[in-house]
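Those letters in the sequence shown? Residues 0 to 140, by numbering that gives the first Met the number 0.
Note that the Cβ used here is the ideal one computed from N, Cα and C, for glycine as well.
Keep in mind the model is a prediction, meaning the values are calculated, not measured.
In what follows, a structure is listed as structure tokens, so that the remarks can point back to it.
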Amino acid sequence: MYQPSAEELKSIEEWFAEYDARAERGELDKLADLGVFPMNVATDVPGGHAAVRQWTREEYLEAMKEAMGGGTAGLDLRSRRTPHFLSPNLVVVETRATMTIEGEEQEMHYADLLVRTEDGWAFQTMIQGGWGYGWPAARRG
């Protein structure tokens, strides 16, 4: 099992501090700049099975705009993150968060796969239950 250094752990904390600041300011284009596209998205269909897709940058922006109250500033986000390094270049980060938009509070539990690129960390896969309304269920083979 790979054991990250204190510096590697700090680099993940700093990356998410920047991500959260951009999210709180409603800077969706700048959030997308922190990703690698196409982006893998894994979720589930409520009452069904898992569902997976690949999003383009444009699809990501549309989904985040809807999920984040229209992409406006004023988002209050409080997160507790646990990174699980698979290697020096791959880390799965589990997040438990509370997001408040326009006075409405939502609890979230999700994970992201971050990959180290030449430009620094980037998120490439998002995993969160409950996004799959209307999506076809995943199929093997």
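{"Query": "Beta-carbon gap between residue 41 and residue 124 smaller than 9 Å", "Result": "yes"}
{"Query": "Inter-residue Cα distance where the pair is residue 104 and residue 44", "Result": "23 Å"}
{"Query": "Per DSSP, cross-strand counterpart(s) of residue 93", "Result": "81 and 110"}
{"Query": "Whole-angstrom distance between residue 63 and residue 30, CA atom to CA atom", "Result": "9 Å"}
{"Query": "Minimum C-alpha distance to residue 81 - residue among 1, 0 and 11", "Result": "11"}
{"Query": "Residue 56 beta carbon near the ligand NAD (any heavy atom closer than 8 Å)", "Result": "By its list of ligands, the structure shown contains no ligand whatsoever, and the ligand NAD lies outside what it can speak to."}
{"Query": "Helix, strand or coil at residue 41 according to DSSP, with G and I counted as helix", "Result": "strand"}
{"Query": "Proximity winner among 109, 58, 132 and 114, relative to residue 46 (alpha-carbon distances)", "Result": "132"}
{"Query": "Neighbourhood of residue 89 by C-beta, 8 Å cutoff - its chain only, sequence neighbours within 5 removed", "Result": "112, 113, 114 and 115"}
{"Query": "Residue range of the unbroken alpha helix (DSSP H) whose run includes residue 14", "Result": "5-23"}
{"Query": "Nearest-angstrom Cβ-Cβ length linking residue 121 and residue 51, presumed shorter than 8 Å", "Result": "Their Cβ separation, rounded to whole angstroms, is 19 Å, which puts residue 121 and residue 51 out of contact at 8 Å."}
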